[in-house]
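Remarks on the structure that follows.
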Amino acid sequence: MKAVVTVMPKPAILDPAGVATARAMEHLGLKGVHSVRIGKSIEIEIDGADPSSLTEQLHEICHDLLSNPVVEDYKLEILS
Amino acid sequence: MKAVVTVMPKPAILDPAGVATARAMEHLGLKGVHSVRIGKSIEIEIDGADPSSLTEQLHEICHDLLSNPVVEDYKLEILS
Amino acid sequence: MANLSANPAITPELIAKHGLSPEEYEKVLVILGREPSFEELGVFSVMWSEHCSYKNSRPELRKFPTTGPSVLVKAGEENAGVIDIGDGWAVAFKIESHNHPSAVEPFQGAATGVGGIIRDIFTMGARPVFLMDSLRFGSIKGDSEQAKTNRRLFAGVVAGIAHYGNCIGLPTIAGEVYFDDSYNGNPLVNAFCLGILRHEQIARGAAEGIGNPVFYVGAETGRDGLAGAAFASRELTEESKADRPAVQVGDPFREKLLLEACLELLATDCVAGIQDMGAAGLTCSTCETASRGGTGVEIDIQLVPQRAKGQTPYEVLLSESQERMLVIVKKGQEATVKEIFEKWDLPYAEIGVVTDDGQMRVRNGKDVVVDVPARALADDGPLYSREAAPFTPPAPLDLATVTQADPLKALPQLLSHPSIASKRWVWRQYDHMVRTGTAVLPGSDAAVFIVREANKILAAATDCNAIYCKLDPSVGSRIAVAECARNLACSGAVPIGVTDNLNFGNPHKPENFYQLRAAVEGISEGCRAFGVPVTGGNVSLYNESPAGAIDPTPTISMVGRIDDIAHITTQSFKQAGDQIILIGETGDELGGSHYLLAIHGRKEGAPPVLVFEKEIAIHHALLSLIRKGLVRSAHDCSEGGLAVTLAESCFGTKFGATVDLGDTDQRPDVLLFNETQGRIVISVKASDVAVVEAELAKSCVHFRKIGEVTDKADLSIKTGGNCYSWSIDSLNETFEGAIPSLMES
Amino acid sequence: MKVAVIQFPGSNCDTDCQAALLFFPGVTAEIVWHKETSLAGYDVIVLPGGFSYGDYLRCGSIARFSPIMAAVRLAASTGVLVLGICNGFQILCEAGLLPGTLMRNRDLLFRCETLHLRVENNDSPFTSVLHQGQVLEIPIAHGEGRYFADAETLQALKANNQVLVRYCDASGNVSAAANPNGSLENIAGICSHGRNVFGLMPHPERVCDLILGGTDGRGIFQSMIDWMAAHKSNN
Ligand SMILES: Nc1ncnc2c1ncn2[C@@H]1O[C@H](COP(=O)(O)OP(=O)(O)O)[C@@H](O)[C@H]1O
Ligand SMILES: [Mg+2]
Numbered sequence: 377m378k379a380v381v382t383v384m385p386k387p388a389i390l391d392p393a394g395v396a397t398a399r400a401m402e403h404l405g406l407k408g409v410h411s412v413r414i415g416k417s418i419e420i421e422i423d424g425a426d427p428s429s430l431t432e433q434l435h436e437i438c439h440d441l442l443s444n445p446v447v448e449d450y451k452l453e454i455l456s
Numbered sequence: 377m378k379a380v381v382t383v384m385p386k387p388a389i390l391d392p393a394g395v396a397t398a399r400a401m402e403h404l405g406l407k408g409v410h411s412v413r414i415g416k417s418i419e420i421e422i423d424g425a426d427p428s429s430l431t432e433q434l435h436e437i438c439h440d441l442l443s444n445p446v447v448e449d450y451k452l453e454i455l456s
Numbered sequence: 012m013a014n015l016s017a018n019p020a021i022t023p024e025l026i027a028k029h030g031l032s033p034e035e036y037e038k039v040l041v042i043l044g045r046e047p048s049f050e051e052l053g054v055f056s057v058m059w060s061e062h063c064s065y066k067n068s069r070p071e072l073r074k075f076p077t078t079g080p081s082v083l084v085k086a087g088e089e090n091a092g093v094i095d096i097g098d099g100w101a102v103a104f105k106i107e108s109h110n111h112p113s114a115v116e117p118f119q120g121a122a123t124g125v126g127g128i129i130r131d132i133f134t135m136g137a138r139p140v141f142l143m144d145s146l147r148f149g150s151i152k153g154d155s156e157q158a159k160t161n162r163r164l165f166a167g168v169v170a171g172i173a174h175y176g177n178c179i180g181l182p183t184i185a186g187e188v189y190f191d192d193s194y195n196g197n198p199l200v201n202a203f204c205l206g207i208l209r210h211e212q213i214a215r216g217a218a219e220g221i222g223n224p225v226f227y228v229g230a231e232t233g234r235d236g237l238a239g240a241a242f243a244s245r246e247l248t249e250e251s252k253a254d255r256p257a258v259q260v261g262d263p264f265r266e267k268l269l270l271e272a273c274l275e276l277l278a279t280d281c282v283a284g285i286q287d288m289g290a291a292g293l294t295c296s297t298c299e300t301a302s303r304g305g306t307g308v309e310i311d312i313q314l315v316p317q318r319a320k321g322q323t324p325y326e327v328l329l330s331e332s333q334e335r336m337l338v339i340v341k342k343g344q345e346a347t348v349k350e351i352f353e354k355w356d357l358p359y360a361e362i363g364v365v366t367d368d369g370q371m372r373v374r375n376g377k378d379v380v381v382d383v384p385a386r387a388l389a390d391d392g393p394l395y396s397r398e399a400a401p402f403t404p405p406a407p408l409d410l411a412t413v414t415q416a417d418p419l420k421a422l423p424q425l426l427s428h429p430s431i432a433s434k435r436w437v438w439r440q441y442d443h444m445v446r447t448g449t450a451v452l453p454g455s456d457a458a459v460f461i462v463r464e465a466n467k468i469l470a471a472a473t474d475c476n477a478i479y480c481k482l483d484p485s486v487g488s489r490i491a492v493a494e495c496a497r498n499l500a501c502s503g504a505v506p507i508g509v510t511d512n513l514n515f516g517n518p519h520k521p522e523n524f525y526q527l528r529a530a531v532e533g534i535s536e537g538c539r540a541f542g543v544p545v546t547g548g549n550v551s552l553y554n555e556s557p558a559g560a561i562d563p564t565p566t567i568s569m570v571g572r573i574d575d576i577a578h579i580t581t582q583s584f585k586q587a588g589d590q591i592i593l594i595g596e597t598g599d600e601l602g603g604s605h606y607l608l609a610i611h612g613r614k615e616g617a618p619p620v621l622v623f624e625k626e627i628a629i630h631h632a633l634l635s636l637i638r639k640g641l642v643r644s645a646h647d648c649s650e651g652g653l654a655v656t657l658a659e660s661c662f663g664t665k666f667g668a669t670v671d672l673g674d675t676d677q678r679p680d681v682l683l684f685n686e687t688q689g690r691i692v693i694s695v696k697a698s699d700v701a702v703v704e705a706e707l708a709k710s711c712v713h714f715r716k717i718g719e720v721t722d723k724a725d726l727s728i729k730t731g732g733n734c735y736s737w738s739i740d741s742l743n744e745t746f747e748g749a750i751p752s753l754m755e756s
Numbered sequence: 013m014k015v016a017v018i019q020f021p022g023s024n025c026d027t028d029c030q031a032a033l034l035f036f037p038g039v040t041a042e043i044v045w046h047k048e049t050s051l052a053g054y055d056v057i058v059l060p061g062g063f064s065y066g067d068y069l070r071c072g073s074i075a076r077f078s079p080i081m082a083a084v085r086l087a088a089s090t091g092v093l094v095l096g097i098c099n100g101f102q103i104l105c106e107a108g109l110l111p112g113t114l115m116r117n118r119d120l121l122f123r124c125e126t127l128h129l130r131v132e133n134n135d136s137p138f139t140s141v142l143h144q145g146q147v148l149e150i151p152i153a154h155g156e157g158r159y160f161a162d163a164e165t166l167q168a169l170k171a172n173n174q175v176l177v178r179y180c181d182a183s184g185n186v187s188a189a190a191n192p193n194g195s196l197e198n199i200a201g202i203c204s205h206g207r208n209v210f211g212l213m214p215h216p217e218r219v220c221d222l223i224l225g226g227t228d229g230r231g232i233f234q235s236m237i238d239w240m241a242a243h244k245s246n247n
């Protein structure tokens, strides 16, 4: 089974890396960049054919380990 | 317009953060974790209604700035 | 006064939510002569919070000695005190807490704490040169959820400090870390920064010059850290952890640009006043600069660079977004100022003007949303003299109740106690060498830093044994000052100034308020005894968890000066054959010792006695020997007593030591591990022993030759009829391995 | 010898490098702002350590697009000596002036400590006064210093003797235990094919003064000075 977790800084939270990258993009000639936000993409490969039984556990892990709920939101996708 | 770039370490490259995270997941009771790989997810909001004219420019930026082709692959998705 | 209709009505609930008591609100009504606007309520709330107004502690802080011939800017006058160090050079230094933000989000909380203190220093016109950190966590041992949480907090805080300090390029050269369950749920994160400047460069945080434009420079204002000052002035509850907006994210890169831009700007003649936006952000910086300048300041919220769309004036005023400054520019010099900000790619805007009416006036376009006398806000806040509970000094520990532990086992146990064990795991994550001035790296008693541009040698240490302070706050605080001075003396330095961070529980509880008062008095006594001024500091109250208040922790940071490179001394033994001398008399006090805590699980008794006259005589004697070039190494006895000190002097060398404490009927555990104050272990060349002994005798300090440095990596100590011997390698492994192995578990 | 020390936004070892260079008689060292576009007249270019652009995104990834980099590239192509230290090394790799890349340390922690380096090759303008096999004590201070290159690149590096320094123990053994960050084959620094561009993670500028714990960093600067002197007089 494969799952992909995307962890992004919460919208209200400053993302300094995003700000610096947005500026760099503009310097490279890309016009009209409104915002860039940089988060993590985490690919997990795990034994088990039955996603439903794992989903809850994975949500827990997303909340406790993979993201920092104080400053980040996560999205969990089960691919197969 | 919104684009999402996913940058992942190339399969052959050691990803110590992924390895450490896999171990932590197991400590938390998740069984059978084969592999965890950690990359970046970059959300870009940009002016412009016509994605096609931008796509090429964005690919260039993905290649030159957002990823390091020596060790990373990227995927570009144009969302709207 | 036009009020935005979207604003809530001012109700008693809203007032209470802003942390203002009914009496304080009455005061607001008197000052304004009318009901405040919503924005004004917010402004009073943060300005009159403990964090900004020191309303519970200011009467106590007045007891500190703050003057002296070298004091150029006194404590409390500006963002940091300034001390003369000769040849036209001066230092500005200060410590500040970021305890509550670090409890909620350890990485960002600690990082922004470092950012805040660095801004305080360059606001003074000083170039920051080094950092220190003083940290407290609950126990990190074991598998309990609490221990796991404490490890997560510890790892996060250290990474946060490293992130900010390393990125901005300031070495973190010293610090301290203790672990005790009183800090469960409420860790302490105190960060110190020192900067260097020429006398004529001292910048003031005053809005001078009617008609001068007011500039905003730095990061755009966002919704982060909304009303963090008020947050820091409350007890932590489960609810406050859900107080998400209280988390600020630091951007050390922006701060580096801001630092360079401000120093470049201050080197021109364009600046009339400058003030960082720390706690209470834009609000605090405008009314404080106006109050200091005896002027008024008027700004327009709509001109403030903003990160998010649709922020209300209330949010912009109270936001604690990091990396921002307010600059009062001399009229006519705007072009130069803009050029510098543009060079450094910093957002900036002219947001207002200095006025002559003493008002802090905030407009939102055409509407006036705040119109308050600046002085009333900044300087005429409420002051409280809280009730202090009566205190009975603790009885000395009855030794008969302490079973004798085997020293052979007890020493490694002590060395592996996380509070005593090597903190390399911590400082290896800090760049402690950048700026190429660190002559004595972390790991010795005090760090030594050579300030290249000024050709001056500084030393710094930070100390506080909170167990002593818990048992007897007054004695514990005096010891904290003495230990700092002792650590400086061991590195060859004379103290020049102190900054303190008073970390206590809720001051409304009389026993906590007693601790605060006794600590201030103890620190004052200590500073008077050593002849050093308190140049500033920080108060952090309401450090409580559901289990109660933290142990009182009045952290002391002391800065010293060394006159000559040749006087720089470290704690490690230098050569086999050198003779070891113990300066100071060993008593038999085990009360409050780490031996009692780590081996017997007891935190009780009376802390060791401290006699300032003896202590000072010892420091003078040591410094005089150092200046004569007679001292090869010096290391004081602190937690863990003489045995730990001897072991530490062997670590990192290829040497060992053979020590004979002579005929004595004292219990070996008491002799080896008691924490009698004022003791220093030195090593000297064998051929110098006679001179050294004569000098020490002349100084009327107690001393005794106790042994010799050997080239065998063993520590062996003879006392009475017993002889104990340990392999240095195995002790060192215990000492170095303790924290890493706990952190890997 | 006239040295340009490039100051990127976020550089923080720029003045340290300048001060270390000024120890050497006859050397002038100037800080050059990254928005400049010419480096004409400089004999040596130093890209110092620090956190250019906060090291956001990837270390060195944004700095490589700074205006000055075109001039650095031009200078490198004409044989001018270019030295990249720590962040400077990362920038040179990102810019393609050196092969490979520097990744997050194996243990994921920033490490600042003095350790040992073995000089692998002294046939370069940066190591000429050192001996092959000589062990230097030089500090590191980085979170992302794990050198990596693909097999082919590594092969070429070795074939051309471009690996100039490796992490080793006190007696000069290149062992896994002496590798602080997981670098491929303990590589601490490499030079370009033309040998005039050198990047290394350790900080030689931090050990040019005895009072700071050592002078082993001087050899690298001395090599450059001697090489320049010989080179200039040959011209
Ligand atoms: N958090 C820290 N950051 C930097 N250095 C630290 C830290 N904690 C401890 N150290 C360093 O480790 C050494 C030992 O610290 P400590 O046991 O508190 O010494 P002492 O008992 O002499 O006060 C000192 O050099 C100190 O500066
Ligand atoms: Mg000490």
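Residue numbers (our numbering), protein chains in the order written: chain A, 377 to 456; chain B, 377 to 456; chain C, 12 to 756; chain D, 13 to 247.
Glycine is no exception: its CB is placed at the ideal position from the N, C-alpha and C atoms.
All values reported here derive from a predicted model rather than from experimental measurement.
Would you say Ala400/A faces chain D, with C-beta separation under 7 Å as the test? Taking the first residue of the first sequence as position 1, residue 400/A is located at position 24. Output row for Ala400/A: interface = yes.
Leaving out the 5 sequence neighbours to the left and right, which residues in its chain are closer than 7 Å to Thr77/C when beta-carbon positions are compared? Indexing the third sequence from 1 puts residue 77/C at position 66. Taken in chain order, the residues that qualify are Lys85, Ala86, Pro544, Val545.
Using 7 Å as the threshold, is the C-beta distance between Ala472/C and Val459/C below it? As a first step, residue 472/C must be located in the third sequence, where it is residue number 461. As a first step, residue 459/C must be located in the third sequence, where it is residue number 448. No, the Cβ-Cβ distance between Ala472/C and Val459/C is not below 7 Å.
Hey, is Thr431/B's beta-carbon within less than 7 Å of any beta-carbon in chain A? The residue labelled residue 431/B in the question sits at position 55 within the second sequence. Interface criterion not met: the Cβ of Thr431/B is under 7 Å from no Cβ in chain A.
Can you tell me which of Leu127/D, Asn185/D, Asn99/D puts its alpha carbon nearest to the alpha carbon of Gly145/D? Taking the fourth sequence and counting its residues from 1, the one referred to as residue 145/D is at position 133. When only C-alpha atoms are compared, the closest one is Asn185/D.
Where Ser16/C falls: helix, strand or coil (DSSP): As a first step, residue 16/C must be located in the third sequence, where it is residue number 5. No answer about Ser16/C holds up, because its pLDDT of 46 lies below 50 and its placement is not dependable.
My output table needs one value for Val412/A: the three-state DSSP class, helix, strand or coil. Looking up residue 412/A in the first sequence gives position 36. Strand at Val412/A.
Below 7 Å between beta carbons: does that hold for Thr566/C and Asn201/C? For the purposes of this step, residue 566/C is identified with residue 555 of the third sequence, where counting begins at 1. For the purposes of this step, residue 201/C is identified with residue 190 of the third sequence, where counting begins at 1. Their beta carbons are under 7 Å apart, which means Thr566/C touches Asn201/C by this criterion.
Proximity test, Cβ basis, 7 Å: Leu389/A and chain C: Residue 389/A sits at position 13 when you count from the first residue of the first sequence. It should be noted that the sequence gives Ile, not Leu, for residue 389/A. Put simply, the CB of Ile389/A is near chain C, with a gap under 7 Å to one of its CB atoms.
Can you check whether the CB of Thr113/D is closer than 7 Å to the CB of Phe77/D? Taking the first residue of the fourth sequence as position 1, residue 77/D is located at position 65. Taking the first residue of the fourth sequence as position 1, residue 113/D is located at position 101. Not in contact: Phe77/D and Thr113/D (Cβ atoms no closer than 7 Å).
Sorted by chain position, which residues of the same chain lie with C-beta nearer than 6 Å to Arg715/C's C-beta, five sequence neighbours on each side aside? The residue you call residue 715/C lines up with position 704 of the third sequence. Excluding its 5 nearest sequence neighbours in each direction, Arg715/C has C-beta neighbours in its own chain below 6 Å: Leu593, listed in chain order.
Taking DSSP as the reference, what is the three-state secondary structure of Ala202/C? Counting from 1 along the third sequence, the entry for residue 202/C is found at position 191. Reduced to three states, the DSSP call for Ala202/C is strand.
For Asn498/C, verify whether its CB is less than 6 Å away from any heavy atom of ligand 1. As a working note, residue 498/C is residue 487 in the third sequence. Result yes, Cβ under 6 Å from ligand 1.
Who are the neighbours of Pro192/D on chain C, taking C-beta pairs under 8 Å? For the purposes of this step, residue 192/D is taken as the residue at position 180 of the fourth sequence. The premise fails here: Pro192/D is roughly 10 Å from chain C at the closest Cβ pair, so nothing lies under 8 Å.
Expressed to the nearest angstrom, what Euclidean distance is found between the alpha-carbon atoms of Lys729/C and Pro192/D? Translated into the one-based positions of the third sequence, residue 729/C becomes position 718. Translated into the one-based positions of the fourth sequence, residue 192/D becomes position 180. Their backbone Cα atoms lie some 40 Å apart in a straight line.
Helix, strand or coil at Gly12/D [DSSP, three-state]: With chain D covering only 13 through 247, there is no way to say anything about residue 12/D.
Sheet register partners of Ala632/C (DSSP bridge): Mapped onto the third sequence, residue 632/C falls at position 621. Paired residue(s): none; Ala632/C is not in a bridge.
Run down chain D in chain order and give the residues with a C-beta less than 8 Å from the C-beta of Thr397/A. What you label residue 397/A is simply residue 21 of the first sequence in a count that begins at 1. Correct list: Tyr68, Leu69, Ile74.
Looking only at its own chain, which residues have a Cβ that is under 6 Å from the Cβ of Phe210/D, when we skip the five neighbours before and after it? By 1-based counting over the fourth sequence, the position of residue 210/D is 198. If the five residues before and after Phe210/D are omitted, its C-beta is found closer than 6 Å to the C-beta atoms of Leu95, Phe138, Cys203, all from its own chain and listed in chain order.
Which residue's Cα is closest to the Cα of Gly731/C: Ala701/C, Val700/C, His443/C, Asp674/C? Numbered from 1 along the third sequence, position 720 holds the residue referred to as residue 731/C. The residue among Ala701/C, Val700/C, His443/C, Asp674/C with its C-alpha nearest the C-alpha of Gly731/C is Asp674/C.
Among Arg374/C, Ser741/C, Gln313/C, Leu608/C, whose alpha-carbon lies nearest the alpha-carbon of Ile823/C? No answer is possible for residue 823/C: it lies beyond the span of chain C, which begins at 12 and ends at 756.
According to DSSP, what are the bridge partners of Trp100/C? Numbered from 1 along the third sequence, position 89 holds the residue referred to as residue 100/C. Looking at the DSSP output, Trp100/C sits in a beta bridge with Gly97/C, Arg209/C.
What I want to know is whether the C-beta of Asp474/C ends up closer than 6 Å to one or more non-hydrogen atoms of ligand 1. Reading the third sequence from its first residue, position 463 is the one you call residue 474/C. Yes.
Name, please, each residue of chain B whose Cβ falls closer than 9 Å to the Cβ of His410/A. Translated into the one-based positions of the first sequence, residue 410/A becomes position 34. Correct list: Ile420, Glu421, Ile422, Asp423.
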